[in-house]
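Counting from 489, one number per residue, gives the positions in the sequence shown under my numbering.
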Amino acid sequence: VDGRADEVKGTAVIPFSPEQVWDVLERVDNWDQFMPHTPVSFSISEEGVEAIKQAGKSRSGPMTETAKNFEIRVDPESKRETEMIYMVVDAPFPMVNRWFVFRISFDESRAADHLYNLCWEMVASNAKTTRGCYRLSPGERINETQVVYNQEVDLDTIAPRFGVKIWFNRNTRRSFEAIQTRLAGKGG
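Next comes the structure, spelled out in structure tokens:
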């Protein structure tokens, strides 16, 4: 690992409207219910972010216990510009025990044009860096969404860079499938 972040990109067409896809994506505190390799995901307070930063770069188990003390409930119907999320990613060895605090940005400023952006930036973690976005736009057909995913990631691991990139590319495809499956389960 040479300290450079890898870029992971992906695109998909999901046979649901941008508004339906947005409704699933913007509930990041529920990603643990359907996103692959995300066993933990919940909103935390700003005080929780500070407590996590003070705790250092512990393994995900003890850090999750610290974060749980600062879990907050966010009204899913509330319109917010940002939210702090604690998340654990269950990656294969040697990328195990990865936890993150992300500042999630919700951009609905072009909702009238059916354009949405959900972006995240790492605030604290036991990884080196990661940030990225989901960008939603109308597909070519009615009730179709073009999803563009872009992420820069450096897990600060002994895993070879090509292995990290392969895993993230696979996981990106699985996340598109999980979004579609979640929507199909909701009856569209």
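Beta carbons are placed, not taken as given, at the ideal position from N, Cα and C, and that holds for glycine. Note that the coordinates shown come from a computational prediction; the quantities given were computed from them, not determined experimentally.
| Query | Result |
| --- | --- |
| Three-way DSSP call (helix, strand, coil) for S505 in this model | coil |
| Per DSSP, the bridge partner or partners of Q680 | Any question about residue 680 goes unanswered here, given that the chain covers just 489 to 676. |
| Which residues DSSP lists as bridging V576, in chain order | V528 and W587 |
| Counted within 10 angstroms of its Cβ, other Cβ atoms place I540 as buried (16 or more) or exposed | buried |
| Chain-order list of residues whose beta-carbon lies under 8 Å from that of N557 (same chain, five-residue window excluded) | G536 and A539 |
| Nearest residue (CA-CA) to F590, options P506, S531 and Q508 | S531 |
| Beta-carbon gap between G431 and T617 smaller than 7 Å | Any question about residue 431 goes unanswered here, given that the chain covers just 489 to 676. |
| Residue interval of the beta strand (DSSP E) (run including E553) | Counting along the chain, E553 falls outside any beta strand (DSSP E), though it belongs to the alpha helix (DSSP H) covering S548 to K556. |
| Where the alpha helix (DSSP H) through A539 begins and ends | E534 to A543 |
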